[in-house]
Amino acid sequence: MAFMEGGGCFKNHSIFVNFNQDFTSLAVGTNKGYRLFALNSVDRLEKIHQSADCEDVALVERLFSSSLVAVVSLPSSRKLKVCHFKKGTEITSFSYANTILAVKLNRSRVVVCLEESLYIHNIRDMKVLHTIRDTPANPKGVCALSSNTEKGVTYLAYPGSTSMGEIQIFDTENICAKIMIPAHNSPLAALAFNANGSLLASASEKGTVIRVFSVNDGSRIYELRRGLKRCATIYSLAFNVESTLLACASNFETVHIFKLDENSASGGSSGAAGTPQATVGSLSDADVGGGWMNFVGKAILSGSSSLLPAAMSDVFAQGRSFATARLSLTGIPCVVALTTVERQCRLLIASTAGYLYVYNVNTEHGGECTFLRQHNLIDDSQATGVVTTCGGATSPGSAAPTSTTAASGTAPAIAGGEQLEDTTKEPRSPFRSLRLHDESEFPPMNPGLE
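So that you can map any letter, position 289 of the sequence shown is 696 in our numbering, and since no number is skipped, the others follow by simple counting.
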């Protein structure tokens, strides 16, 4: 998940940050272009590309470990550019009727999210396969696209209501609605699929409870409580590749990691209603406090929950965080990832303030995560362990990359009084096929090739 505010990233925190689909790469958008980093070392941050242009980047999405990136700039916030960053070329571009709030990629689809519509493109020729129109207003661009395409099915999740936390799941391969999940009583704030697209995590604007649902039938599998005392703005949710852990970052200093096992299972009820059947996990979280809270938690575990009101029993029956990481700053948007680096599970936190934090996660015992490293994503002179290996990419100060072609009907930047062409029609591609399978011409679709 990434951050949007009126069509761009949180520019008051200067940059846009986003991990790729398998958390092997980090994309950073700034007011001077974008950068891509490889995430294969704790001590060294490998910068694999820096764009040559100096445009103010609002969004940048990389397709796994390929050379394909999708870019949206702030001056042209209605225009999507699809680029081959190693060749420094623009493959195609599309303009839309309104500001682009989010872009999601997988190996078969490109999804472009506007405030009240979603465009689904075929990634191989960029044709518009379907447009979901008149969706409930979604000014923050909350949506998620499953990344696994091996079974020939990928899903798009997006809000189904402006007043409640309803999730609409759409089958982007068969182009049909899949299911609606009544997930929360408050509007949605964050969504995330697991690696194989079988589970979907959600959080509402209230931010105290995270729920995990089965995509197949919409049943609630896990119900997890971030804290009891305070509501929160959830910035990011992320599963590890095995779907045994789920990380959650908010506007508070604590990043929570939940263990997805029988102790946090919800009992299979559907949606936000129903009493969860979870066993209480650790109650040592700083947000909860000690003493009385621990006493009540133990009382419920020992079977004394009948002494408490039903609503209170439900609260304590929700799964608690298995591990936590502490940030020194609060209120700064960030994205999280749980991934394996140097054969160990790491928590990666990329902040819009311009830093990447690396923590070690004890997958057996949990507890406080061990802080390992901080990397500066913007200032190379202050960066710790940043190594530049741009390969064939252009570097700052060189000639700007030339566009291979511009899509017919695409509009120029919409700043400075320029006129936007008629975008009420479907965006059209000038290509019969982008031949993304051809490594010599376009980015390979298998991440292992590059």
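Note that beta-carbon positions come from the ideal geometry of N, C-alpha and C, so glycine has one too. Treat the numbers as computed from the prediction; the structure is a model and nothing was measured.
A direct Cα-to-Cα measurement between Arg451 and Gly614 gives close to 34 Å. If you look at Lys486, you'll find it in the beta strand (DSSP E) that goes 486-491.
Judged by their CB atoms, Val467 and Arg780 are not nearer to each other than the 8 Å cut-off. The count of Cβ pairs closer than 8 Å, one atom from the region 479-499 and one from the region 558-578, stays below three, leaving the stretches out of contact. Assignment of beta-bridge partners to Pro589 by DSSP yields Glu573. When C-alpha distances from Pro589 are compared across Cys741, Thr746, Ser570, the shortest belongs to Ser570.
For the set Thr759, Val743, Asn769, His782, the Cα lying nearest the Cα of Asn427 is the one of Val743. Put simply, of Leu606, Val489, Ser728 the residue whose alpha carbon is nearest the alpha carbon of Ser502 is Val489. In this structure Ser735 is exposed. Its beta-carbon is surrounded by fewer than 16 other beta-carbon atoms within 10 angstroms.
By the neighbour-count criterion, in which 16 or more other beta carbons inside 10 Å mark a residue as buried, Glu462 falls on the buried side. One Cα belongs to Ile507, the other to Leu487, and the distance between them is close to 8 Å. Between His782 and Tyr762, the C-beta spacing is below 8 Å. Per DSSP, the unbroken beta strand (DSSP E) holding Pro566 starts and ends at 562-566.
Minimum Cα-Cα distance from Ala465 among the listed residues Thr770, Phe778, Asn769, Thr759 corresponds to Thr759. Annotation for Phe620: the continuous beta strand (DSSP E) segment containing it runs 616-621. Per DSSP, the beta bridge partners of Gln751 are Val748.
Bridge partners of Asn425 according to DSSP: Ala434.
Under a 10 Å Cβ-count criterion, Thr499 is classified as buried, with 16 or more other Cβ atoms of the shown protein chains found around its own Cβ. In terms of Cβ geometry, Ser432 and Ala445 form a close pair [threshold 8 Å]. Bridge partners of Arg451 according to DSSP: none are assigned.
Distance from the Cα of Ser568 is smallest, within the candidate group Asn555, Pro546, Lys585, for Pro546.
In the structure shown, the three-state DSSP call for Glu630 is strand.
In the DSSP assignment, Asp578 forms a beta bridge with Tyr562, Cys583. Exclusion of the five residues before and after Thr640 leaves Ala596, Glu612, Gly614, Ser657, Asn658 as the residues of its chain whose Cβ lies within less than 8 Å of its Cβ. Contact annotation, Phe665 with Asn601: C-beta distance approximately 13 Å; criterion of less than 8 Å not satisfied.
The beta carbon of Ile586 is closer than 7 Å to those of Ile576, Gly625 in its chain, skipping five residues each way along the sequence. Between the alpha carbons of Ser472 and Phe430 lies a distance of about 10 Å.
With at least 16 other beta carbons inside 10 angstroms of its own, Asn425 counts as buried. Within the model, the alpha-carbon separation for Phe423 versus Tyr642 is close to 13 Å.
DSSP lists Asn529 as the beta-bridge partner residues of Arg516. Distance check between Thr737 and each of Glu660, Ile628, Leu470 places Glu660 closest, using alpha-carbon atoms only. Remark: C-beta atoms of Ala757 and Cys741 approach each other more closely than 8 Å.
For Leu552 against Arg516, the beta-carbon gap comes to about 7 Å, under 8 Å, which counts as contact.
If you draw a 10 Å sphere on the C-beta of Asn513, you find 16 or more other C-beta atoms in it, and that means buried.
For the pair Ile628 and Thr770, the Cα-to-Cα distance works out to about 21 Å.
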